[in-house]
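Everything on this sheet refers to the single structure shown next.
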Amino acid sequence: MRFRDKLHSRQQFTGASLCVGLDPDLGRLPASLLEKMSPDEAVRQFCVSIIESTASFASAYKLNLAFFEALGRHGPAVLEDVLDVIPEEIITIADAKRGDIGNSARFYAKALLEDLNFDSITVAPYMGSDSIRPFLMFSGKVAFVLARTSNPGGNDYQLLETDGVPLYHRVAADCVRLGAESPGAAGLVVGATDLDSLASLRILCPETPFLIPGVGVQGASASDVFAAAGSGPLLINSSRKIIYASTGPDFADAAATAARSLCRELTEAAGRIVS
1 MRFRDKLHSR
11 QQFTGASLCV
21 GLDPDLGRLP
31 ASLLEKMSPD
41 EAVRQFCVSI
51 IESTASFASA
61 YKLNLAFFEA
71 LGRHGPAVLE
81 DVLDVIPEEI
91 ITIADAKRGD
101 IGNSARFYAK
111 ALLEDLNFDS
121 ITVAPYMGSD
131 SIRPFLMFSG
141 KVAFVLARTS
151 NPGGNDYQLL
161 ETDGVPLYHR
171 VAADCVRLGA
181 ESPGAAGLVV
191 GATDLDSLAS
201 LRILCPETPF
211 LIPGVGVQGA
221 SASDVFAAAG
231 SGPLLINSSR
241 KIIYASTGPD
251 FADAAATAAR
261 SLCRELTEAA
271 GRIVS
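Spelled out as structure tokens, the structure:
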């Protein structure tokens, strides 16, 4: 199933646009797991439990590859095991932030979008269009390009202007053009912490899928996000607020409660935009 079809289907099913971020930090995993298992087994069990408890509310899961790579030689196997548990109808995002060129980019794309069969991937655009194109060669898949990010350092470069146009606008416009010329599609990573930028990008890219971090721990409200960008396709990511809702033995139940609450909040916010 193509990315857009999955997105539409899951949003119809859940009534929301929730993406659950899987950032399994060994330093924050429940002691009940770490005391009984090896680190790689603890990460595997943690992620599987989170998925099983939150799948009813999720339109997507975003797997931050850094946390799996930190497991060393066990990381690839854990990543594959976690992917296998995610229901087929739910979107998978490889949060890899790849940004190389030439054969390197081509093989990164093959590994994640073909071999591991992620539905989408995050890509860093600093090296230009030839660092993005290889990720757009897979029909039905989406490359989410970092445009306006939610980290404080994002202001260092993204707001720089040439001829009165901010860099993040140029990146967004170029990516949409590249996506239109390719078998795959381009999406944008747009943080929720700068609502003016979010709104301006939605005007510039009305039909482009947005992956929006910054709701939850980072502070932006669902209502604000939908007011700024809810007229087009989007996924709103929440990681820590859900997966670390509890670090006790009840972590999976707490994650389900947090996901249900945020899903309801997103549904209500989306309804206000529609009405």
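In terms of this note's numbering, the sequence shown has 143 at position 143, counting the first letter as 1, and numbering is strictly consecutive.
Note that beta-carbon positions come from the ideal geometry of N, C-alpha and C, so glycine has one too.
This structure is a prediction, so every number in the text was calculated from the model and none was measured.
In the structure shown, P87 falls within a coil segment according to DSSP collapsed to helix, strand and coil.
The Cβ atoms of A55 and T267 do not sit closer than 8 Å to each other. Scanning the segment 185-247 for uninterrupted beta strand (DSSP E) segments of 3 residues or longer gives 185-190, 210-212 and 234-238, listed from N- to C-terminal end.
When F68, S139 and G154 are compared, the shortest CA-CA separation from A109 is found for S139. For N155, the enclosing alpha helix (DSSP H) stretches over residues N155 to Q158. Residue pairing of K6 in beta bridges, as defined by DSSP: absent, with no partner found.
In the DSSP assignment, Y108 falls within the unbroken alpha helix (DSSP H) covering G102 to A109. I91 and L7 do touch by the CB rule: their CB atoms are close to 6 Å apart, below 8 Å. Between S120 and A96 the beta-carbon gap is near 10 Å, outside 8 Å, which marks them as no contact. DSSP, reduced to helix, strand and coil, places G72 within a helical segment of the structure shown. Apart from sequence neighbours up to five positions away, no residue of its chain approaches D196 with a beta-carbon distance below 7 Å.
For the segment 32-66, the continuous beta strand (DSSP E) assignments of 3+ residues that do not extend past its boundaries occur at 60-64, in sequence order. The beta carbon of A252 sits closer than 6 Å to the beta carbons of S49 and S53 from its chain, once the five residues preceding and following it are set aside; these are given in chain order.
When DSSP states are grouped into helix, strand and coil, E114 belongs to the helix group. About 10 Å separates the beta carbons of A186 and V171, which is beyond the 8 Å limit, so they are not a contact pair. A Cβ-Cβ contact shorter than 8 Å links I236 with I212. Within the same chain, D40 come within 8 Å of A77 by CB-CB distance, once the 5 residues on both sides are set aside. Residue state for D250 is assigned as coil, using DSSP reduced to three classes.
If you look at G128, you'll find it isn't in any alpha helix (DSSP H); DSSP assigns it neither H nor E.
When the five nearest sequence neighbours on each side are left out, the beta carbons in the same chain lying within less than 6 Å of the beta carbon of A256 are those of S53 and T54, in order along the chain. Secondary structure of G21 (DSSP, three-state): strand. In the structure shown, A180 falls within a helical segment according to DSSP collapsed to helix, strand and coil.
Secondary structure of F138 (DSSP, three-state): coil.
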